[in-house]
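Chains A and B, in that order, give the protein sequences. Numbering-wise, the first sequence is residues 9 to 404 according to this note's numbering. Numbering-wise, the second sequence is residues 9 to 404 according to this note's numbering. Beta carbons are placed, not taken as given, at the ideal position from N, Cα and C, and that holds for glycine. Data block below; observations after.
Protein chains: 2
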Amino acid sequence: MRRMTARPANTHQARLLRLLRDGGPNSRAQLGDQVDLSRSKLAVEVERLLETGLVVADGLAASRGGRRSHNIRLAPGLRFLGVDIGATSVDVAVTNAELEVLGHINQPLDVREGPVAVFEQVLAMAAKLKASGLADGFDGAGIGVPGPVRFPEGIPVAPPIMPGWDGFPVREALSQELGCPVMVDNDVNLMATGEQHAGVARSAGDFLCVKIGTGIGCGIVVGGEVYRGTTGSAGDIGHIVAVPDGRPCACGNRGCLEAYFSGAALARDATEAAQQGLSAELANRLETNGSLSAADVAAAAAAGDATALDLIREGGNRTGQVIAGLVSFFNPGLVVIGGGVTGLGHTLLAAIRTQVYRQSLPLATGNLPIVLGELGPAAGVIGAARLISDHLFSPA
Amino acid sequence: MRRMTARPANTHQARLLRLLRDGGPNSRAQLGDQVDLSRSKLAVEVERLLETGLVVADGLAASRGGRRSHNIRLAPGLRFLGVDIGATSVDVAVTNAELEVLGHINQPLDVREGPVAVFEQVLAMAAKLKASGLADGFDGAGIGVPGPVRFPEGIPVAPPIMPGWDGFPVREALSQELGCPVMVDNDVNLMATGEQHAGVARSAGDFLCVKIGTGIGCGIVVGGEVYRGTTGSAGDIGHIVAVPDGRPCACGNRGCLEAYFSGAALARDATEAAQQGLSAELANRLETNGSLSAADVAAAAAAGDATALDLIREGGNRTGQVIAGLVSFFNPGLVVIGGGVTGLGHTLLAAIRTQVYRQSLPLATGNLPIVLGELGPAAGVIGAARLISDHLFSPA
DNA sequence: ACTACTTTCTCCACTCACAGGACAAAGGCG
DNA sequence: CGCCTTTGTCCTGTGAGTGGAGAAAGTAGT
Numbered sequence: 009m010r011r012m013t014a015r016p017a018n019t020h021q022a023r024l025l026r027l028l029r030d031g032g033p034n035s036r037a038q039l040g041d042q043v044d045l046s047r048s049k050l051a052v053e054v055e056r057l058l059e060t061g062l063v064v065a066d067g068l069a070a071s072r073g074g075r076r077s078h079n080i081r082l083a084p085g086l087r088f089l090g091v092d093i094g095a096t097s098v099d100v101a102v103t104n105a106e107l108e109v110l111g112h113i114n115q116p117l118d119v120r121e122g123p124v125a126v127f128e129q130v131l132a133m134a135a136k137l138k139a140s141g142l143a144d145g146f147d148g149a150g151i152g153v154p155g156p157v158r159f160p161e162g163i164p165v166a167p168p169i170m171p172g173w174d175g176f177p178v179r180e181a182l183s184q185e186l187g188c189p190v191m192v193d194n195d196v197n198l199m200a201t202g203e204q205h206a207g208v209a210r211s212a213g214d215f216l217c218v219k220i221g222t223g224i225g226c227g228i229v230v231g232g233e234v235y236r237g238t239t240g241s242a243g244d245i246g247h248i249v250a251v252p253d254g255r256p257c258a259c260g261n262r263g264c265l266e267a268y269f270s271g272a273a274l275a276r277d278a279t280e281a282a283q284q285g286l287s288a289e290l291a292n293r294l295e296t297n298g299s300l301s302a303a304d305v306a307a308a309a310a311a312g313d314a315t316a317l318d319l320i321r322e323g324g325n326r327t328g329q330v331i332a333g334l335v336s337f338f339n340p341g342l343v344v345i346g347g348g349v350t351g352l353g354h355t356l357l358a359a360i361r362t363q364v365y366r367q368s369l370p371l372a373t374g375n376l377p378i379v380l381g382e383l384g385p386a387a388g389v390i391g392a393a394r395l396i397s398d399h400l401f402s403p404a
Numbered sequence: 009m010r011r012m013t014a015r016p017a018n019t020h021q022a023r024l025l026r027l028l029r030d031g032g033p034n035s036r037a038q039l040g041d042q043v044d045l046s047r048s049k050l051a052v053e054v055e056r057l058l059e060t061g062l063v064v065a066d067g068l069a070a071s072r073g074g075r076r077s078h079n080i081r082l083a084p085g086l087r088f089l090g091v092d093i094g095a096t097s098v099d100v101a102v103t104n105a106e107l108e109v110l111g112h113i114n115q116p117l118d119v120r121e122g123p124v125a126v127f128e129q130v131l132a133m134a135a136k137l138k139a140s141g142l143a144d145g146f147d148g149a150g151i152g153v154p155g156p157v158r159f160p161e162g163i164p165v166a167p168p169i170m171p172g173w174d175g176f177p178v179r180e181a182l183s184q185e186l187g188c189p190v191m192v193d194n195d196v197n198l199m200a201t202g203e204q205h206a207g208v209a210r211s212a213g214d215f216l217c218v219k220i221g222t223g224i225g226c227g228i229v230v231g232g233e234v235y236r237g238t239t240g241s242a243g244d245i246g247h248i249v250a251v252p253d254g255r256p257c258a259c260g261n262r263g264c265l266e267a268y269f270s271g272a273a274l275a276r277d278a279t280e281a282a283q284q285g286l287s288a289e290l291a292n293r294l295e296t297n298g299s300l301s302a303a304d305v306a307a308a309a310a311a312g313d314a315t316a317l318d319l320i321r322e323g324g325n326r327t328g329q330v331i332a333g334l335v336s337f338f339n340p341g342l343v344v345i346g347g348g349v350t351g352l353g354h355t356l357l358a359a360i361r362t363q364v365y366r367q368s369l370p371l372a373t374g375n376l377p378i379v380l381g382e383l384g385p386a387a388g389v390i391g392a393a394r395l396i397s398d399h400l401f402s403p404a
């Protein structure tokens, strides 16, 4: 199949492509209702899009009381690659032009092995998806990395948990390897983008998306656009001080949020509790697996283990305190909680909600939903596909 | 003089008006260099603006080696009213179309007396400025109030320190009284706008403006635009928890930043210290004035009083800790400190800087200036004038 | 004073985006 | 079978905008 070569020639075409992406197939008339263009102008732009091959007309829709309309849809062969690189695992997925996930692979990974090794693995996973017949090539790829990114160039800058990536030209290198356009962003921003596109944040303009995985980060969306900050490190809330002069943190300061709660901190605290004999449930699991993870704590909590529940509650309280501050500051319309620890579920959510509703201003919390993300591990890859499609569906 | 009646008919005209406002008189050729329009089109739009009376051509500029150019400038009779209502005082100023302050009055005031009493005073001050010959009427007015505002309607919502204002239609009422268009915003946002227009933040895209007066607030600017949040309460950082389970605060929670530092907290702590005999300097001033204010603490600190300096340092440390968190979260390109306590000067600034540079991530602080505002009490009124001029200089 | 060159501004013809109406195509319904 | 509705196409008029020619008004050199 021929790959996507053309780009929309103007903002009208870009607008139409995004409508077709987000709303699925549409007739010219339906498109006309959404774009404030005359039917004649619209027909011209659709015609040009048909000529480029970016969209196709396939078949007639059912009549709605008059002449049947032609279905216009994005080229069915378009394929986007979504890659979400985490600290300890990687997700790779293929989507169609409507950003529906056609195939999704997750594999363990150590991001510290550096970009070369990681990309080898990612390319192998992409090849596997291709081999399974889901795609015969990619029209674009979005990449999420667990650290700050200089966005326009797609280059990680001073990423704490992946020092070997500092300055590595991810965008350029992967574009070469894959032979298609590539965009790179922080993994937390992509999760926010994913939940905005297809998850709980669909109708939200200003919202926060807190991702609690190995570390803690926060995606910030202002007026529907991801806010990345001056140097690309916005949302890096893991090292906000939760307890002045509190526990020492790996970063050198004391009392950072991540020293109290994150996937890593939770595993550590659970191990400690198990070794001190505070929880038979956790001790059992430690014995069996050799180590504990956030998932073990979630399982123990589900089984009613008091220690596990306490750990989750305490972590949720700390996190909630920090989020409460952010809510006062940012006054979002929605807060989404996601990431690896979503498995901790409503115990965690309840603790966070309690703190936020108690500490933030009534005006800011009055109508503020605090909810779990609904896409799980798909959020990142959908966000990645959305990122590259936004890029490709804008005027060249 | 005839008041401004027309509004720009399109974005080009709006753009030209703003260029003339921010850059002063310009020739058609100079304007052409800035707007990416052909000279012919530009001449047409300028001609239309001349017809409306929004701009005038007055005289010829010196030759730069060729034909002398005609100076185009905003109508010299345009006058904006800037009003900055604080908790305990009010600033009213008149500006010309270039937002230069022509006259400025400050008077004490108790905002809790409610909108009717306050507006009576404000209107009297405006009349005084008119009587002094600086204006014979106003083409627009910007109003700053110390609380959250539903921005489009210009109505305060649930303002903690001015409960009598809740739901009062400030914009509509003042528009009636003044007979000109009015825009209303939070005082902190207007300070940020003022420093952005004519102060230290002139070239900043994303920045924070922390105003420490009777309370503490923070103006948030994203991409050159003030961010107000979902319900207009963004930047309300006074009740972020600085010390978990710390001092009780008037809001009912414990450990709020404002319980530790603000004009009011500083005055209270200084009074306490004076009564406990910790500082002869402060005790003296308490004796003389009957009460202490932030200005007294500033004076004592300037005189070398150790207790006063300690109070400032401790407050700066608390504030700095909170700002450090905001810097990690928001990753601004600049932090401006302003408000009534700017008189505490570099002792305060040094404490804040120390905390932020120590606690925030290197990537976020690496090139982050933290500076005092340079406009002082003029920031608010200039911001107010800028607010209404932005409104009037946009297509109707 | 005269010429050559520069800058500023105006005028005019041409292009292009776009709207809006007329009209054709294709269906449903009584 | 006529009438109405919906969809899509064609065509013409309008107004925005460009770009070039040239007029206006100056400086600098000879």
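Buried or exposed for residue i, please, with buried defined as at least 16 other CB atoms from any protein chain shown within 10 angstroms of its CB.
i, result
"B:Ser140", "exposed"
"B:Ala306", "buried"
"A:Val52", "exposed"
"B:Thr350", "buried"
"B:Gly187", "exposed"
"A:Gly260", "exposed"
"B:Asn375", "exposed"
"B:Arg236", "buried"
Could you check which residue in the options has the C-alpha nearest to that of residue i?
i, options, result
"A:Thr201", "A:Lys219, A:Leu334, A:Leu376 and A:Ser77", "A:Lys219"
"A:Leu86", "A:Arg11, A:Pro116, A:Glu266 and A:Gln129", "A:Arg11"
"B:Glu185", "B:Asp147, B:Ser211 and B:Asn18", "B:Asp147"
"A:Asp7", "A:Leu274, A:Arg321 and A:Glu322", "This structure gives no information on residue 7 of chain A, because the portion of chain A shown stretches from 9 to 404."
"B:Asn297", "B:Pro171, B:Thr279 and B:Ser287", "B:Thr279"
"B:Leu226", "B:Gly73, B:Gly347 and B:Ser35", "Per the sequence presented here, residue 226 of chain B reads as Cys, with Leu not at that position. That would be B:Gly347, whose Cα lies nearest to the Cα of B:Cys226."
"A:Pro116", "A:Asp99, A:Val124 and A:Val109", "A:Asp99"
Return the CA-CA distance between residue i and residue j, expressed in angstroms with no decimal places.
i, j, result
"B:Ala132", "A:Gln204", "50 Å"
"B:Ala70", "B:Arg76", "6 Å"
"B:Gly285", "B:Ser301", "17 Å"
"A:Gly111", "A:Gly31", "21 Å"
"B:Ala393", "B:Asn197", "13 Å"
"B:Leu233", "B:Arg47", "Here the sequence assigns Glu to residue 233 of chain B, which means Leu is not the residue at that position. Each residue's alpha carbon lies about 30 Å from the other."
"A:Val130", "A:Ala143", "16 Å"
"A:Gly221", "A:Ala267", "13 Å"
"A:Gly213", "B:Glu106", "34 Å"
"B:Val178", "B:Thr103", "21 Å"
"B:Asp41", "B:Ile80", "14 Å"
"A:Ala258", "A:Asp174", "19 Å"
Note down, in chain order, each residue of its chain lying with its Cβ closer than 6 Å to the Cβ of residue i, except the 5 sequence neighbours on either side.
i, result
"B:Ala363", "The identity of residue 363 of chain B in the sequence shown is Gln, whereas the question assumes Ala. Excluding sequence neighbours, B:Gln363 sits near Asn325, Gly328, Gln329 and Ala332."
"A:Ala22", "Pro16, Phe401, Ser402 and Pro403"
"B:Ala291", "Ala282"
"B:Ser287", "Ala281, Asp313 and Thr315"
Suppose the cutoff is 8 Å on Cβ atoms and the five residues either side in sequence are ignored; what does the same chain contact list for residue i look like?
i, result
"A:Thr373", "Val335, Val364 and Tyr365"
"B:Arg361", "Gly328 and Ile378"
"B:Arg29", "Leu82, Ala105, Glu106, Leu107, Ser397 and Phe401"
"A:Ala242", "Ile228, Tyr235 and Arg236"
"A:Val54", "Leu24, Arg36, Leu39, Val63 and Ile80"
Only counting the same chain, and skipping five residues up and downstream in sequence, which positions put a Cβ closer than 7 Å to that of residue i?
i, result
"A:Asp253", "Arg262 and Gly263"
"B:Leu395", "Gly150, Met191, Asp193, Leu198 and Thr201"
Give, in chain order, every residue of the segment 189–212 of chain A whose Cβ lies closer than 8 Å to some Cβ of chain B. none
Taking any Cβ of chain B, which residues in the segment 229–241 of chain A have a Cβ under 7 Å from it, in chain order? Val230, Tyr235, Gly237, Thr238, Thr239 and Ser241
At a CB distance below 7 Å, what residues from the segment 150–168 of chain A approach chain B? Give them in sequence order. Flagged, chain order: Pro156, Val165 and Ala166.
Anything in the segment 273–295 of chain A with a Cβ closer than 7 Å to a Cβ of chain B? List those residues in chain order, please. none
Give the residues from the segment 328–343 of chain A that approach chain B closer than 8 Å (Cβ to any Cβ), ordered along the chain. Answer set for the segment 328–343 of chain A: Gln329, Val330, Ala332, Gly333, Leu334, Ser336, Phe337, Phe338, Asn339, Pro340 and Gly341.
Positions along the segment 241–269 of chain A whose CB lies within less than 7 Å of some CB in chain B: Per Cβ criterion, the list reads Ser241, Ala242, Gly243, Asp244, Ile245, His247, Ile248, Val249, Val251, Pro252 and Asn261.
Members of the segment 371–384 of chain B near chain A, C-beta cut-off 9 Å: Leu371, Ala372, Gly374, Asn375 and Leu376
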